[in-house]
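Protein chains in written order, with this note's numbering: chain A, 218 to 527; chain B, 1408 to 1699. Heads up, the beta-carbon is just placed ideally off N, CA and C, and yes, glycines get one too. All remarks here apply to the structure that follows.
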């Protein structure tokens, strides 16, 4: 479990004071030497490529050249053109990612709560439940998305029962709908929501919840004023770990959606790059996606007062 | 929003909190049970369809067979793609784990100028959607006219894995008492000896966890790979590309085998940890001199 827990639980220094002191004494060259190989790697293959992306987004087509031939330029109109053409897909990506994040929170929070609070003290049960949470990670996520397609297929059990219950009209379907895409997104990132929330709730003192009851708070009030605020760090990291990859995902949309009403920005970037060879538009859309996510994340983290998570 | 601070009351003997919400007691676990169903149904489908007598399309159940398991490489390309994924996964995990571990030690144990910037450099790739990571690296490879293939995939996987390794190992370094290294130095160990005899063994669980995480992220990656692989095929790419024509059941066999293997590793690790904890407790409880 340490595998995933280490990733999602905020690090806790066992001996922060002593560690600071020693670190202050050891300074300079060795530290920089240890840092450099990794830092150079990230500069060369992350920072510089992002700058290359920025440059590409301003390229202009070669006059009279073939499709896919571009010249370095400062063509800011690329952004206006890309946004003018693809703003529905961009908005839809954020909207679907938001819905999927809310769905994952609503489904995932009770799971985390049951494992961390209800099963507390039962080590074996907790272990088994946590393994079940991460189990889906171990099958390829594309295979799982295709399995969703089978679960939601027109002739399968789920659709048949919903039609029988008249929740869906007789010709209603779930595949190739926005519902299937959002459900697929929420599904794929659900463990990323459950694990951080679990890590927060694990540290919660159960006596605080009992104290809420002792003070005549109903279960809902206790949850709203005690449990939820105390688990906020986990909720914030969980929502970020779900929202960010969901906004850029295109596997769910292309396998579970339809070509007209569920297209997400990731699919547009992919097809601009590989099918249309329209590199500037693909790059401009990627830059916009990255910047909007950075702004949203900063605002969200400020708002919830959890800056120290970053 | 500031967390509620309550002083924990001393336990009053015989006092039990009034339990008034019996309905909620059942509702929350029932809901969690449904959530587990949601989590596991697609996994069950994947496993079940590895036994499907599929013929041309593995989307509809046609009957049980062992054939796919007896002949996992029966479908063209499926084992090649799997082997490619293993190669990329092992190499990128090795490189990312070494680079990331060094960075983690540097960030926790040393103070130097530019440390905040280094933290940002580590954090940013994790908060960038994969599409952007893939597109950015592709833009660079196209500009430099680097041919796409095995090496560009490895470079890309190391890039997104370094940050995850740093975060995982950092947690371990932070929980380690730095005075242990100082003690080694006091006992005339050279920094090199202190690292290999003291620091490294203590960090090893964190490093192994990071390596496992890196391997699983690399093995399962599709988006970054599809941008930077050109004609090179990994297992997830193979599955995605063949999705339109029907995925051979052998892909489900490989997916299921990996699932069982990973589950065995996790469960095994838990059993070992539990056994070791019990052994330590018994050893501590045993009075001196009575050891066999």
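Secondary structure note for residue 405(A): its alpha helix (DSSP H) is the uninterrupted segment 395-419. Counting the other Cβ atoms within 10 Å of the Cβ of residue 438(A) gives fewer than 16, which makes it exposed. Identification of residues in the stretch 329-345 of chain A having a C-beta nearer than 7 angstroms to some C-beta of chain B yields 330, 331, 335 and 344, given in sequence order.
Beta-bridge annotation (DSSP): residue 1459(B) is paired with 1471(B). Across the stretch 386-405 of chain A, CB contacts with chain B closer than 8 angstroms involve 404, in sequence order along the chain.
Here the alpha carbons of residue 1450(B) and residue 358(A) stand approximately 10 angstroms from one another. In chain A, no part has a C-beta under 9 angstroms from the C-beta of residue 1499(B); the shortest such distance is about 12 angstroms. Taken atom to atom, the span from the alpha-carbon of residue 417(A) to that of residue 450(A) is near 7 angstroms.
Counting of Cβ neighbours within 10 angstroms places residue 1478(B) among the exposed residues, the total staying below 16. Counting along the chain, residue 484(A) sits inside the alpha helix (DSSP H) bounded by residues 482-491. In this structure, the straight-line span from the alpha carbon of residue 1552(B) to that of residue 496(A) is close to 14 angstroms. For residue 352(A), a Cβ of chain B is located within less than 8 angstroms of the residue's own Cβ. For residue 1583(B), there is no enclosing alpha helix (DSSP H), as DSSP marks it with neither H nor E.
Selection 298(A), 290(A), 447(A) and 282(A) evaluated against residue 502(A) yields 298(A) as nearest (Cα-Cα). Of all C-beta pairs linking the stretch 1562-1570 of chain B to the stretch 1498-1511 of chain B, three or more are shorter than 8 angstroms, placing the two stretches in contact. A check of alpha carbon separations from residue 332(A) across 351(A), 374(A), 517(A) and 320(A) identifies 351(A) as the nearest.
From the beta-carbon of residue 270(A), the residues of chain B found nearer than 7 angstroms are 1542, 1543 and 1546. Secondary structure remark: continuous alpha helix (DSSP H) runs of at least 4 residues inside the stretch 1468-1555 of chain B, in chain order: 1474-1477, 1485-1516, 1522-1533 and 1537-1550. Closest in C-alpha terms to residue 285(A), from the list 510(A), 489(A) and 509(A), comes 489(A).
Contact residues of the stretch 1609-1635 of chain B toward chain A are 1612, 1613, 1615, 1616, 1617, 1619, 1620, 1623, 1626, 1627, 1629, 1630, 1633 and 1634 (C-beta to C-beta distance below 9 angstroms). Listed by position along chain B, the residues whose Cβ is nearer than 8 angstroms to that of residue 258(A) are 1506, 1565, 1566 and 1569. For residue 1534(B), the C-beta contacts it makes with chain A under 8 angstroms involve 457, 461, 510, 511 and 514, in order along the chain. Taking 8 angstroms as the cut-off, the beta carbon of residue 289(A) is found no closer than this to the beta carbon of residue 1547(B).
Cβ contact annotation for residue 1458(B) (same chain, cutoff 6 angstroms, sequence separation greater than five): 1471, in chain order. Residue 433(A) sits in coil when the DSSP states are folded into three classes, being neither helix nor strand.
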